[in-house]
Amino acid sequence: MIFRLGILVILVLTTSNISVFAFPGNDTDQQALLSFKASITADPSGVLDSWNNSIHFCQWNGITCSPRRQRATVLNLSSQHLVGTFSPHIGNLSFLRGIYLSQNNFHGSIPNEIGLLFRLQNLDLGLNSFQGGCPPNLSNCADIRNITMSHNNLEGKLPTTFASWPKLYWFDLQENHFTGSIPPLIGNTSSLHFLHLRANNLVGNIPSEVAHHTKLEVLCLSLNYLSGMVPRPLYNLSSLYIFSLTQNKLKRTLPADLGVTLPRLQGFLVSANRFSGPLPASITNASDLTTLDVVVNSITGTIPNNLGSLPNLEWLNLGHNPLGDSTRPDDLSFFNFLANCTHLYHLGLGQSGLRGQLPNSIINLSTTIQLLFLYSNHINGSIPREIRKLKNLSVLSFSDNLLTGTIPESI
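Residues -22 to -1, 1 to 389 in mature numbering (1 follows the signal peptide of the UniProt record, and there is no 0) are what the sequence shown lists, from first letter to last.
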């Protein structure tokens, strides 16, 4: 009997030891997560109520573990209205591959210890109130694919460690307070598909090295203070479907082959800059185009009639450009063709120097049209009664023209 008890004790101890050695990081992960919880000052939805010793941490809300090692691999607490700081103990969760904390109210700095997470692939800290700069040690995360720190209060210079992220696919720092220029080293990674730096305080030129990202699909640098010439190679990024440089101080004549070199374009947004020259007729080669916005520039020439061959066009804003031609009696023939744009809901042509008689073909615009701006031009004639056919029209602006006659009762 004593012998059997001895065997039982040995088996229990052996089993216990196996458990310890099989999952050596369990206690480390649990303590790191509890430290993370301790840095939270408000949890109105009670998402962290399960974070206690009554159940294994792999069963806690927001935690995903590896099935074999039982190590925390994903921390996902997005959109939980949490308030607090980001615990530096996050660096002890050495198996983490994904951190998702967007749409909360985290404040303070992003801990530099995040650079200890060598397996990290996805980091989403968007829509919080983080302050300080981008953690310099993030360059140690060589496996990172997606970085989102948008809509925070981050400041300082943009990171220059792009060569340390050979697999970087998505980089989003929009709506922060970053200053300085876009570093040429941004071109040192070949896998980037999405670059969002909108609404910061960036200055200087757009480095031509951005064009090294031959797989780039979205380029969004709007609402900054960028200046100088747009590098010609940017227009050769044939994978781009969003090209957004709105509200900077950029200049260049739009290339004649714009729609040929950017055939996948869905959005071309360069309003409030200093672009010049005619609107390229080749833009219609980008048949998926839904948004064309070049308002407030120095675009000249006539509006191409072939814009009507863009079947998916929804937003066309060419206003505040010197488009009118004083040598032509009528600049409005393009209206005859826009009727083919059956999804068009915004047409902005205010203060464009257009002249001529308002054509009856205006009533053939898509019934989806909601916003129609033709103010401050040299348009004469009368408003056709049939304009009532535009049943979804909510804003109509004809002010400061040469129109005569009566206003249709249907308006």
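Note that beta-carbon positions come from the ideal geometry of N, C-alpha and C, so glycine has one too.
Between L103 and C319, what straight-line distance do the alpha-carbon atoms span, to the nearest angstrom? Along the sequence shown, one-based indexing puts residue 103 at 125. Along the sequence shown, one-based indexing puts residue 319 at 341. The alpha-carbon of L103 is positioned some 40 Å away from that of C319.
Next on the checklist: So, with DSSP's three-state summary, where would you put R366?
Outcome noted: One-based indexing of the sequence shown puts residue 366 at position 388. R366: helix per DSSP, three-state reduction.
*G326 and L301 closer than 7 Å at C-beta*: Working through the sequence shown from its first residue, we reach residue 326 at position 348. Working through the sequence shown from its first residue, we reach residue 301 at position 323. Result no, Cβ atoms of G326 and L301 do not sit closer than 7 Å.
message = At a cut-off of 6 Å, would you count T278 as near the ligand ADP, judging by its Cβ distance to the nearest heavy atom?
response = Only the bare structure without any ligand can be found here, which leaves the ligand ADP out of the picture.
In the DSSP assignment, the alpha helix (DSSP H) including V238 goes from what residue to what residue?
Your numbering for residue 238 matches position 260 in the sequence shown. It spans L236 to T239 - the alpha helix (DSSP H) in which V238 sits, taken as one unbroken run.
- Task: Check whether the Cβ atoms of L60 and D27 sit closer than 7 Å, and answer yes or no.
- Result: Counting from 1 along the sequence shown, the entry for residue 60 is found at position 82. Counting from 1 along the sequence shown, the entry for residue 27 is found at position 49. No, the Cβ-Cβ distance between L60 and D27 is not below 7 Å.
DSSP three-state call for F73: helix, strand or coil?
-> Locating residue 73 in the sequence shown gives position 95, counting from the first residue. Note: F73 maps to coil in three-state DSSP.
Exercise. Determine the burial state of F221: buried for a count of at least 16 other Cβ atoms within 10 Å of its Cβ, exposed for fewer.
Key: By 1-based counting over the sequence shown, the position of residue 221 is 243. Its Cβ being crowded by 16 or more others within 10 Å, F221 is buried.
Notebook entry, point to check: Residues in its own chain within less than 6 Å of K367 by CB, not counting five upstream and five downstream?
Noted result: One-based indexing of the sequence shown puts residue 367 at position 389. These residues qualify, in order along the chain: I341.
Practice item. Please name the residue, chosen from N39, P66, G110 and P45, that lies closest to S56 on a Cα-to-Cα basis. Key: As a first step, residue 56 is located in the sequence shown; it is residue number 78 there, counting from the start. For the residues N39, P66, G110 and P45, the minimum Cα distance to S56 belongs to N39.
Nearest residue (CA-CA) to A250, options F313, L204 and Y213: Position 272 of the sequence shown, counting from 1, holds the residue named residue 250. For the residues F313, L204 and Y213, the minimum Cα distance to A250 belongs to L204.
Look at the alpha carbon of F1 and the alpha carbon of Q99, and state the distance between them as a whole number of angstroms.
One-based indexing of the sequence shown puts residue 1 at position 23. One-based indexing of the sequence shown puts residue 99 at position 121. Confidence is the limiting factor: at F1 the pLDDT is only 46, short of 50, which leaves the residue's position unreliable and the question unanswerable from this model.
Check your understanding: So is I260 buried or exposed if we call it buried at 16+ other beta carbons inside 10 Å?
Key -> As a working note, residue 260 is residue 282 in the sequence shown. Correcting the residue type first, residue 260 is Ser in the shown sequence and not Ile. Buried: at least 16 other Cβ atoms inside 10 Å.
Assign G245 to buried or exposed, taking buried as 16 or more other Cβ atoms, counted over all protein chains shown, within 10 Å of its Cβ.
The residue labelled residue 245 in the question sits at position 267 within the sequence shown. Buried: at least 16 other Cβ atoms inside 10 Å.
For H155, the three-state DSSP class (helix, strand or coil): Within the sequence shown, residue 155 is the residue found at index 177, counting from 1. It is a strand residue.
For this session: Determine contact between the region 285 to 305 and the region 264 to 271, defined as no fewer than three beta-carbon pairs at a distance below 8 Å.
Result: yes
Q335 and S354 - do their beta-carbons sit closer together than 7 Å? As a working mapping, residue 354 is identified with position 376 in the sequence shown. As a working mapping, residue 335 is identified with position 357 in the sequence shown. A distance of 7 Å or more separates the beta carbons of S354 and Q335.
Spatial distance of R47 from N154 (CA atoms)
Residue numbering aside, residue 47 sits at position 69 when the sequence shown is read from its first letter. Residue numbering aside, residue 154 sits at position 176 when the sequence shown is read from its first letter. Straight-line Cα distance between these residues: approximately 38 Å.
Margin query: Quick check on the DSSP output: the beta strand (DSSP E) that includes A20 runs from which residue to which?
Written below: Along the sequence shown, read from residue 1 onward, the residue named residue 20 stands at position 42. Its beta strand (DSSP E) spans residues I18 to A20.
ask   = Skipping 5 residues on each side, what residues in its chain have a beta carbon closer than 8 Å to that of E133?
value = By one-based count along the sequence shown, residue 133 stands at place 155. Closer than 8 Å at the Cβ level, and outside the excluded window around E133, lie Q109, G110, G111, N154, H155, F156 and T157.
Worksheet item: Which residues in the same chain have their Cβ closer than 8 Å to the Cβ of F84, if we skip the five residues on either side of it in sequence?
Response: Indexing the sequence shown from 1 puts residue 84 at position 106. Taken in chain order, the residues that qualify are L60, V61, G62, T63, F64, L103, N106, S107 and F108.
Apart from the five residues just before and just after C119, which ones in its own chain have a Cβ nearer than 7 Å to its Cβ? For this step, residue 119 is matched to residue 141 along the sequence shown. Hits under 7 Å: G93, L95, F96 and L98.
Review point. Out of curiosity, what's the CA-to-CA distance linking N31 and A10?
Key: If you number the sequence shown from 1, residue 31 lands on position 53. If you number the sequence shown from 1, residue 10 lands on position 32. Answer to the nearest angstrom: the Cα atoms are 13 Å apart.
| query | According to DSSP, which residues form a beta bridge with Y78? | reply | In the sequence shown, the residue the question calls residue 78 occupies position 100. N54 and D102.
Exercise for review: Within the same chain, show all residues whose beta-carbon is closer than 6 Å to that of L349, passing over the 5 residues directly before and after it, in chain order.
Suggested key: Position 371 of the sequence shown, counted from the start, is the residue given in the question as residue 349. If we look at L349 and ignore the five residues flanking it on each side, its Cβ neighbours are H324 and V373.
Can you tell me whether A50 is buried or exposed, with buried defined as 16 or more other CB within 10 angstroms of its CB? Sequence index remark: in the sequence shown, residue 50 carries index 72 (1-based). It counts as buried.
Could you pull out every residue in the same chain whose Cβ sits closer than 8 Å to the Cβ of L381, ignoring the five residues on either side in sequence? Here the question's residue 381 lines up with position 403 in the sequence shown. Taking L381 as the centre and dropping the five residues before and after it, the same chain places the C-beta of L336, I357, N358, G359, S360 and I361 closer than 8 Å to its C-beta, in chain order.
* Asked: CB-CB under 8 Å to T345, same chain, minus the five flanking residues each way: which ones, in chain order?
  -> Here the question's residue 345 lines up with position 367 in the sequence shown. Answer for T345: K367, L368, K369 and N370, listed in chain order.
For W143, which residues from the same chain have a beta carbon less than 6 Å from its beta carbon, with the 5 sequence-adjacent residues on both sides left out?
Along the sequence shown, one-based indexing puts residue 143 at 165. So the list reads I122 and T167, once near-sequence residues are dropped.
Inset, instruction - Note the first and the last residue of the continuous alpha helix (DSSP H) segment covering N314. - result: Numbered from 1 along the sequence shown, position 336 holds the residue referred to as residue 314. That run of the alpha helix (DSSP H) goes F313 to L316.
- request: Enumerate in chain order the residues of its own chain whose CB-to-CB distance from V273 is below 8 Å, with the five nearest sequence positions on each side excluded.
  value: Residue mapping note: residue 273 aligns to position 295 of the sequence shown, counting from 1. Answer for V273: S249, A250, N295, L296, G297, H298, N299 and G326, listed in chain order.
Per DSSP, cross-strand counterpart(s) of V61: For the purposes of this step, residue 61 is taken as residue 83 along the sequence shown, with counting starting at 1. V61 is bridged to A20 and N83.
Starting from V196, trace the beta strand (DSSP E) both ways and give me its first and last residue. For the purposes of this step, residue 196 is identified with residue 218 of the sequence shown, where counting begins at 1. Per DSSP, the continuous beta strand (DSSP E) segment holding V196 begins and ends at V196 to C198.
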